[in-house]
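Report on one structure; see the data block that follows.
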Amino acid sequence: MNGRIIAIANQKGGVGKTTTTLNLGVALSKLNKKVLLIDFDPQSDLTVSLGYYDVDNIPSVANLMEASISDRYINIKDVILHHKENIDLIPANLDLSAVSLSLVSAMSREYTLKNCLKDVRKDYDYILIDCNPSLDMLTLNALSCADKVIIPVQSQYLAAKAMTQLMGTISRVKRQINPNLEVSGILLTLIDERTKLSKETCVTLQEKYSNLIKIFDTKIPSAIKVAEATKVGKSIFNYEPKNKVALAYMNFAKEVVKDNGKSRKQNAPTLIR
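Under my numbering, the first residue of the sequence shown is numbered 119, with each subsequent residue one higher.
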């Protein structure tokens, strides 16, 4: 049985996509799921966050994409890194930017990543794609092979307005390329429980959008320990397992497992008014 592919996407930067991909992946692993993470951002933040600092001298997702575009064979298992926290990673580097340009003129360009993953999808329960903060050909590739999309949204005033373009793109991909694509839901991130504004924003988002798109029950708090963990190449579970963020991501992983294929139907153009 093929593993579930989940794209972690939002064209707005700084909303916690990489942090969510990393810590959701480790949490799923702790729930006895076999997990593959894909760094699909040329900035390679996910790769570095896992302690792989020499990104220019390791095989990457760019090598896989280049081989697929030019119809050359490359063994995807030679690109997968096995991390000590019991997750696997396909890393990224700046070469992915060049690949993004090459995709514009490539045959079946939307399916390049999907073709790269076909030989290993059966080996994992979950494949999580850390998308870059842009609605470009890379994000289109991620959405074209994904079963689900999780949208991290920072709890700030009018933060959901940034989802308009993304929801439109998801809607078009679903109609034209990947009819099985569904929005799993919105994950509220970087919540500062000390501020009244953060709490009010969460309430507003729940009231205004929960009837249109699922908002996960779990909310991810902001914590300096997350940045500290990233700096030393660890998940929050490895760095400080009793931290409130670790507990939140474990709860979120349980929600993701429970969700298991059921989402509400979305009408993307009417999501933001």
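Backbone N, C-alpha and C fix where the C-beta goes; we use that ideal spot for every residue, glycine too.
Rounded C-alpha distance that separates Met119 from Lys240: 6 angstroms
Secondary structure of Tyr229, DSSP reduced to three states: helix
Separation of Pro297 from His200, as counted between CA atoms: 32 angstroms
Residue environment, Pro359, which counts as buried when at least 16 other CB atoms sit within 10 Å: exposed
Within 8 angstroms, strictly: CB atoms of Pro270 and Ile126: yes
Nearest-angstrom Cα separation, counted from Tyr229 out to Cys263: 7 angstroms
Collapsed DSSP secondary structure at Ile295 in the structure displayed: coil
Touch test, the segment 191-210 against the segment 141-148, Cβ-Cβ under 8 angstroms, three pairs minimum: yes
According to DSSP, residues forming a beta bridge with Phe158: Cys249
Chain-order list of residues whose beta-carbon lies under 6 angstroms from that of Pro387 (same chain, five-residue window excluded): With a pLDDT of 40 at Pro387, under the threshold of 50, the modelled position of this residue cannot be trusted; read the value that follows with caution. Closer than 6 angstroms at Cβ, skipping near neighbours: no residue.
Alpha-carbon spacing of Leu389 relative to Lys292, whole angstroms: Since pLDDT at Leu389 reaches only 43, below the 50 mark, its modelled position is unreliable, and the value read off the structure follows with that caveat. Approximately 16 angstroms between the Cα atoms of the pair.
Rounded Cβ spacing between Ile288 and Val267 (contact assumed at less than 8 angstroms): 6 angstroms
Beta-carbon spacing of Val153, Leu305 below 8 angstroms: no
Where the alpha helix (DSSP H) through Lys343 begins and ends: 342-349
Bridge partner(s) assigned by DSSP for Gly303: Ile268
Same chain only: Cβ atoms within 6 angstroms of Gly414, ignoring 5 sequence neighbours per side: The requested residue 414 is not part of the displayed model; the chain covers only 119 to 391.
Close-in-space but distant-in-sequence residues of the same chain around Val344 (CB under 7 angstroms, 5 per side omitted): Thr137, Ile354, Val363
Classification of Asp189 by the beta-carbon crowding that lies within 10 angstroms, buried from 16 upward: exposed
Boundaries of the beta strand (DSSP E) in which Ile338 is found, first to last residue: 333-339
For Lys376 and Pro209, the rounded distance between their alpha carbons: 28 angstroms
Contact under 8 angstroms by Cβ, Gly303 with Ile333: yes
Neighbour-count burial assignment, Asn361, 16 or more Cβ in a 10 Å radius: buried
Integer-rounded CB distance, given that Met183 should sit under 8 angstroms from Val238: About 15 angstroms; that fails the 8 angstroms criterion.
Distance, Arg312 Cα to Ile123 Cα: 35 angstroms
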